[in-house]
Amino acid sequence: MNYESLYKKLPLKKCVAVGIIGTGAYGTAVVTQGLLTPHLKVRVVADINLENAKSAYSKAGIPEELQIYCSEPLEAEEALAKGKYVYTDNSSLPGQIPSLDMICDSTGCPEQSAQYILEAIEHKKHVAVITKDCDACIGPILRKKADENNVVYTPVDGDQHGLLIQMYQWAKSIGLTVLCGGKATDGEFIYSREEGTVSIKTDKVVSYPFQTAVKISEQDRKYFEKIPEGCVSEYINRRQKALEALPPPGAYDLCEMTIAANYTGLSPQTDRLLHAPMRISEIPQVYGNISHGGLLEKDETLDLVTCLHEPADAGLGGGVFLVVRSDNEYSNEILATKGQITNHDKSATVIYRPYHLCGVETPVTLLTAGLLGLHTASDSYLPRYQLAKIAARPIFPGEVFGGDHCTALAGAIKPYAPVKPGNYAEGHLLTGNKAKTYIPKGAVITYDMVEEPEHSVLWRLRREQDALFASPAE
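Read in the numbering used here, the sequence shown has 343 at position 334, and its numbers run on one by one without any break.
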């Protein structure tokens, strides 16, 4: 798509003024790239750590004399009129500044994110949401409130779920049947044929009881060669067993897949996902239908891949993929013969994007929302699924639950259920709150196991969402 042509021919305004809330790695990339992007002004950054906010501007090359601290909307408005770049530790500020068109929330904290996003919507600001913890929990109700206020609420280019949703929408718009859609985990399995080892390449800390590398036994090494026709189940089972000491997908991976499921209607075959370790060339073979030698029981399935490859081979780069077919024989032959990878009988083809550029490509979403008044997701956003949490070790009364990177908790994608004792708790409603009772290892955490906080915006909006949308589970 020629975005630049759309920005010139169909703009609602000439330039989009954006405030960034949260200047961690992702938010900082939005600042640094946003200042290079035509039609975009990133002139306000907020972070509870002022040094982080200032650092984002410094990394973008903004001179110190142009940076100014503000804590009030009118003060900030005056500074912007003078050409200054505002930084603040008041994270509500960007949503209250009259001249800003949009906020980009990247706090990473679901409770705070809910507050800032709601305030911005009520102040008629578009919202680009990077805090997936909040989006997975209450995204549909926030989207509804944005629609009612005639503003955009959208996931972003750069995040894997945002890119997957767009790829799915593209495939459906040209009439392809989607067998499976998903993302690659950021970690990749590197197979050394000479050493007989598989190691994980990742920027995340590998914690006990998992390891960074495993030795592959002589009898198992054949299962790390390309999967022969008719042997998918055997090869994947043996690989998974041989690699079980390596880290599995985190709750953060399942969180993104939950959002994608709620936007697209793709559904997991199992609540922890199959998560098959495979080469790129094996994806259409493994994530094809059982009737064609694959693992899938139905079309429109959601799953993950950890890319398995040798050191010199290309990986998936934490990108996204679809396994598709055309239901016309001639068109399907085009899919199979024009550069894409198919399974043995050409009944499944993989189309993949081997990268996600995080904040560097997020300006596409900011401009699409701010200039065109459009989101970069899909028109349907329903609470079909939720991320539940499982105790990865015993949890004791009074213990504070961590977020999606907490090693004490694992994730599972469950059907959506309202806030009610006995129902699976939405995992991000746990974050920062205390366990009410002893929770044994392996238990799925329910609402009666957590102390509900007082005056929580997140919990209040979750209940509003429950009341608005029909829940399949009671």
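All C-beta atoms in this analysis are idealised placements derived from N, C-alpha and C, irrespective of residue type, glycine included.
Just checking my contact of residue i with residue j at CB under 8 Å: how many whole Å lie between their CB atoms?
i, j, result
"residue 175", "residue 192", "No, residue 175 and residue 192 are not in contact; Cβ-Cβ is about 12 Å, not under 8 Å."
"residue 156", "residue 135", "That pair is no contact at about 12 Å."
"residue 36", "residue 101", "So it is not a contact: roughly 16 Å between Cβ atoms."
"residue 271", "residue 427", "That pair is no contact at about 15 Å."
"residue 363", "residue 326", "4 Å"
"residue 328", "residue 284", "The Cβ separation is near 16 Å, so there is no contact."
"residue 344", "residue 335", "6 Å"
"residue 188", "residue 341", "That belief does not hold up - the Cβ atoms of residue 188 and residue 341 are roughly 12 Å apart, past 8 Å."
"residue 260", "residue 413", "4 Å"
"residue 257", "residue 312", "The Cβ separation is near 13 Å, so there is no contact."
"residue 448", "residue 361", "Between residue 361 and residue 448 the Cβ distance is about 39 Å, and since that is not below 8 Å, they are no contact."
"residue 400", "residue 451", "6 Å"
Once DSSP output is grouped into helix, strand and coil, what is the label at residue i?
i, result
"residue 509", "As displayed, the chain neither begins before 10 nor continues past 483, which places residue 509 out of reach and without an answer."
"residue 61", "helix"
"residue 266", "helix"
"residue 415", "coil"
"residue 284", "coil"
"residue 246", "helix"
"residue 52", "strand"
"residue 357", "coil"
"residue 151", "helix"
"residue 42", "helix"
"residue 443", "strand"
"residue 114", "strand"
"residue 241", "helix"
"residue 128", "helix"
"residue 210", "strand"
"residue 180", "helix"
"residue 469", "helix"
"residue 330", "strand"
"residue 36", "helix"
"residue 261", "helix"
"residue 197", "strand"
"residue 398", "strand"
"residue 436", "helix"
"residue 320", "coil"
"residue 185", "coil"
"residue 135", "strand"
"residue 312", "strand"
"residue 14", "helix"
"residue 162", "strand"
"residue 351", "strand"
Select from the options the residue whose C-alpha is nearest the C-alpha of residue i.
i, options, result
"residue 460", "450, 472 and 446", "446"
"residue 206", "330, 69 and 198", "198"
"residue 23", "95, 103, 381 and 427", "381"
"residue 473", "20, 142, 147 and 139", "147"
"residue 165", "212, 113 and 328", "113"
"residue 89", "53, 123, 252 and 70", "53"
"residue 431", "454, 363, 323 and 231", "454"
"residue 464", "400, 121, 449 and 257", "121"
"residue 348", "42, 222 and 359", "359"
"residue 63", "82, 49 and 93", "93"
"residue 225", "263, 298, 253 and 379", "253"
"residue 10", "152, 96 and 179", "179"
"residue 233", "299, 276 and 246", "246"
"residue 60", "40, 72 and 96", "96"
"residue 294", "261, 75 and 238", "238"
"residue 215", "462, 441 and 415", "415"
"residue 379", "74, 153, 217 and 159", "159"
"residue 213", "303, 243, 255 and 228", "255"
Looking only at its own chain, which residues have a Cβ that is under 7 Å from the Cβ of residue i, when we skip the five neighbours before and after it?
i, result
"residue 423", "280, 394, 395, 397 and 433"
"residue 407", "443 and 444"
"residue 129", "104, 112 and 136"
"residue 150", "470, 473, 474 and 477"
"residue 31", "56, 114, 115, 116 and 117"
"residue 33", "115 and 117"
"residue 208", "199, 221 and 222"
"residue 16", "48, 376 and 380"
"residue 68", "37 and 41"
"residue 305", "188, 189, 278, 296, 297, 298 and 299"
Leaving out five residues before and five after residue i in sequence, what residues of the same chain have Cβ atoms less than 6 Å from its Cβ?
i, result
"residue 315", "194, 198 and 286"
"residue 437", "119, 142 and 146"
"residue 467", "119, 120 and 123"
"residue 370", "166 and 167"
"residue 386", "163, 164, 174 and 272"
"residue 483", "Reliability of the predicted coordinates at residue 483 is poor, the pLDDT of 46 falling under 50, and the value obtained from them is presented with this limitation in mind. Counting only Cβ-Cβ distances below 6 Å, and skipping sequence neighbours, we find nothing."
Note down, in chain order, each residue of its chain lying with its Cβ closer than 8 Å to the Cβ of residue i, except the 5 sequence neighbours on either side.
i, result
"residue 84", "none"
"residue 25", "48, 49, 50, 110, 111, 375, 376, 378, 379 and 380"
Those runs of the beta strand (DSSP E) which lie wholly inside the stretch 63-103 and span at least 3 residues:
76-78 and 94-97
Inside the stretch 360-385 only - alpha helix (DSSP H) runs reaching at least 4 residues
372-381
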